[in-house]
Every structure is written in structure tokens, then in C-alpha cells.
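Residue numbers (the working numbering): 129 to 299.
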């Protein structure tokens, strides 16, 4: 498996894997119209180009068996989606294609996120995860995250609860 940083040249692949993995993860539990609205807003090429261009955000692809198996998005400083402070680091997205789940891709991407946070000397890593995404909740708890709060996430017009989870990286 290899992990590589994404560039603007990867925007089409990033769009494709973002839509594929988000749909695989959430289509069964969400209204198709709300899901479609979210996908259009979050994963259109201009939006992804803007995110890729932000110096405080980074995207990474995990490649396994010659295919992009998953991706990671992390944010520091003002790119964080919540005001968590300069010493915090956000793990905004880890998504793994269904056929690669259970192969260590998610853990490798998580390890990349921690490495990025440590390189920036951040004290805490945090994330938001849907309260009904039990598989992701179990994964993050296994990595040592604990719930510290909650916020509203909009899937289209559907207000949902994301749990805020955090893990200290250093005292």
C-alpha cells in the first residue's frame, strides 16, 4: 500500500472516490434527494479545487493493488470546520472503498493523519462522525478517541447529529 498527497491534478479522481465512498457509506440510511443534494454541494470540482488549494488542508490517496482504495482529508488552523483552536488538528474525512475495507487502508490513512498532526506539533486530533455510523464510531474508539460534544451536519436539508470525538496527541 502507498499513501500519496493529492494535488490539483487529482481533482477528478478525488471527486469520483468521494462520491463513490460517501454513497456506499450513507445511501442505505438516507433519503436519496438529500444525499444527492449533499454530493452535489460537497464534491463538485470547483469546491474540491478550492479545498485542494487551501494551504491548511491536505488530501491523501491510499493505493492498494494498483487502485485508489481510499482517501483522507485533514485540516489545520482556520481550515478546521469547527473553531477548535490553533493546537487542534481535524481529521475531516477518511473513506475507504467497500471492496478494500478490512485490508488496513483505514488504519494507514488514520496513521497518516496522526503523522501530519505531529509534524505540525498539534496537541489534539479531533473529528465529527455521524451518530449512526457505528462502524466508524467503533474504529475511532479503538484508536483512543472519546466523545467531547456534538454538532449538526446537513445531509442536503436533513439536519443530522455528528458526534465530536477527540484524542490528545501530547500533554
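Where a beta carbon is used, it is the ideal one built from N, C-alpha and C, also for glycine.
Please read these numbers as outputs of a predicted model, since none were measured by experiment.
Exercise for the section: Have a look at 269, 258 and 272 and flag the residue whose alpha-carbon is nearest the alpha-carbon of residue 289. Expected result: Along the chain shown, one-based indexing puts residue 289 at 161. Nearest of 269, 258 and 272 to residue 289, Cα basis: 258.
Practice task
State yes or no: is the C-beta of residue 202 within less than 9 Å of the C-beta of residue 180?
Solution key: Numbered from its first residue, the chain shown carries residue 202 at position 74. Numbered from its first residue, the chain shown carries residue 180 at position 52. The answer is no: Cβ separation not under 9 Å.
Handout entry: Range of the contiguous beta strand (DSSP E) that encloses residue 146
Key = The residue you call residue 146 lines up with position 18 of the chain shown. From DSSP, residue 146 is part of no beta strand (DSSP E) but of the alpha helix (DSSP H) over 139-154.
Practice task
Taking residue 283 and residue 158 to be in contact with their CB atoms under 8 Å, please state how far apart those CB atoms are, rounded to whole angstroms.
Solution key: As a working mapping, residue 283 is identified with position 155 in the chain shown. As a working mapping, residue 158 is identified with position 30 in the chain shown. So it is a contact: roughly 6 Å between Cβ atoms.
Practice task
Please report how far the alpha carbon of residue 217 lies from the alpha carbon of residue 156, in whole angstroms.
Solution key: Your numbering for residue 217 matches position 89 in the chain shown. Your numbering for residue 156 matches position 28 in the chain shown. Answer to the nearest angstrom: the Cα atoms are 30 Å apart.
Problem - At least three beta-carbon pairs within less than 8 Å, the segment 262-277 to the segment 160-167 - result: no
Exercise for the section: Sort 285, 286 and 270 by Cα distance to residue 294 and report the nearest one. Expected result: Here residue 294 corresponds to residue number 166 of the chain shown, with the count starting at 1. Nearest of 285, 286 and 270 to residue 294, Cα basis: 270.
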